[in-house]
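Structure, as structure tokens:
Residue numbers (my numbering): 1 to 213.
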């Protein structure tokens with residue numbers, strides 16, 4: 001029975017996430033979620049008492065995955081700035097390919113239309129980036145004038161701004177391509193001994209193929 005309930009909740013979450021990505025929160029109905037999931041509307045209300053609660057569950061699912069992703073880059077063995085760049089490309093990949101991540105991002109953007117408090121995704125990433133920049137400072141990687149906490153907040157805001165603009169622009173250039181060029185610019189100010197192209201290449205070689213463009 002518990003396995004069946006878990007499978008039902010998962011099917012409902014995935015159906016809701018797909019619809020939130022495709023048409024937004026306001027245009028998505030419980031009946032559509034029911035139809036796409038293959039479950040009854042009664043099952044939807046049994047597991048999630050409202051569409052708002054279902055949206056919140058999607059965001060929490062995204063947060064759980066993002067926390068695990070951030071924790072992967074806490075392990076030693078790779079230079080901190082290289083880990084930071086690699087982490088950003090992992091986030092970009094999730095925002096492109098993972099429906100739960102994309103749904104969470106869209107729900108955050110539409111949070112003022114949702115009658116429930118949608119938690120911010122930025123605290124997780126600001127903390128993770130602050131930690132990596134502090135490690136870079138301790139290792140002598142960081143330029144002297146770069147302060148980890150304030151810089152982390154700026155980088156996180158800039159990253160998600162880059163994502164939002166990439167989603168909105170007509171040509172739909174891949175976020176990873178824009179991110180690659182963004183790091184080449186940003187690392188010139190972050191690194192104590194700037195070598196942005198080499199650092200990005202090392203990060204991508206460790207974690208995924210170099211993006212095109």
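Heads up, the beta-carbon is just placed ideally off N, CA and C, and yes, glycines get one too.
- Rounded straight-line distance, which links the Cα of residue 9 to that of residue 203: Start at 1 with the first residue of the chain shown, and residue 203 comes out as number 203. Start at 1 with the first residue of the chain shown, and residue 9 comes out as number 9. When the Cα atoms are used, residue 203 and residue 9 turn out to be separated by approximately 37 Å.
- Message: If distances are taken between C-alpha atoms only, which option among 69, 102, 75 and 147 comes closest to residue 163?
- Response: Here residue 163 refers to the residue found at position 163 of the chain shown. Closest option to residue 163, Cα to Cα, is 102.
- Query: Which residue comes first and which comes last in the alpha helix (DSSP H) that contains residue 102?
  - Reply: Along the chain shown, one-based indexing puts residue 102 at 102. Going by DSSP, residue 102 is part of the alpha helix (DSSP H) stretching over 99–109.
- Leaving out five residues on either side along the sequence, give the residues of the same chain with a beta carbon under 8 Å from the beta carbon of residue 99. Taking the chain shown and counting its residues from 1, one reaches residue 99 at position 99. Excluding residues up to 5 positions away in sequence, 14, 17, 18 and 21 lie with their Cβ nearer than 8 Å to the Cβ of residue 99 in the same chain.
- Item | Stretch pair the segment 87–97 + the segment 170–186: three plus CB contacts closer than 8 Å | Counting Cβ pairs under 8 Å, three or more are found: they touch.
- Could you tell me which residues DSSP puts in a beta bridge with residue 191? On the chain shown, residue 191 is found 191 positions in, with the first residue counted as 1. BP columns for residue 191 point to 142.
- Query: Alpha carbon to alpha carbon, what distance is there between residue 75 and residue 128?
  - Reply: What you label residue 128 is simply residue 128 of the chain shown in a count that begins at 1. What you label residue 75 is simply residue 75 of the chain shown in a count that begins at 1. Approximately 12 Å, taken between the alpha carbons.
- Query: Shortest alpha-carbon distance to residue 26 belongs to which of 52, 153 and 47?
  - Reply: Taking the chain shown and counting its residues from 1, the one referred to as residue 26 is at position 26. When each option's Cα is compared against that of residue 26, the closest is 52.
- N- and C-terminal bounds of the alpha helix (DSSP H) containing residue 33: Taking the first residue of the chain shown as 1, we reach residue 33 at position 33. 30–37 is the extent of the alpha helix (DSSP H) around residue 33.
- DSSP state of residue 149 mapped onto helix, strand, coil: Translated into positions along the chain shown, residue 149 becomes position 149. In the three-state reduction of the DSSP assignment, residue 149 falls in the helix class, which pools H, G and I.
- My guess is that residue 156 and residue 85 are in contact by the Cβ rule of under 8 Å, so how many angstroms apart are they, rounded? Reading the chain shown from its first residue, position 156 is the one you call residue 156. Reading the chain shown from its first residue, position 85 is the one you call residue 85. With 8 Å as the limit, residue 156 and residue 85 do not qualify as a contact, their Cβ atoms being about 14 Å apart.
- Task: Please work out which residues of its chain come closer than 7 Å, Cβ to Cβ, to residue 230, disregarding the five sequence neighbours upstream and downstream, and give them in chain order.
- Result: Here the chain covers residues 1 to 213 and nothing more, so residue 230 does not appear.
- Can you tell me which of the three DSSP states residue 115 falls into? Taking the chain shown and counting its residues from 1, one reaches residue 115 at position 115. Coil, per DSSP.
- What did DSSP end up calling residue 164 once you bin it into helix, strand or coil? Numbered from 1 along the chain shown, position 164 holds the residue referred to as residue 164. Secondary structure at residue 164: helix, using DSSP grouped into helix, strand and coil.
- Query: Taking buried to mean at least 16 other C-beta atoms within 10 Å of its own C-beta, is residue 39 buried or exposed?
  - Reply: Locating residue 39 in the chain shown gives position 39, counting from the first residue. Flag for residue 39 reads buried.
- Message: DSSP three-state label for residue 177, please.
- Response: Reading the chain shown from its first residue, position 177 is the one you call residue 177. The three-state reading of DSSP puts residue 177 in helix, counting H, G and I together.
- Mind checking whether residue 141 and residue 62 have CB atoms under 8 Å apart? Within the chain shown, residue 141 is the residue found at index 141, counting from 1. Within the chain shown, residue 62 is the residue found at index 62, counting from 1. Taking 8 Å as the Cβ cut-off, residue 141 and residue 62 do not qualify as a contacting pair.
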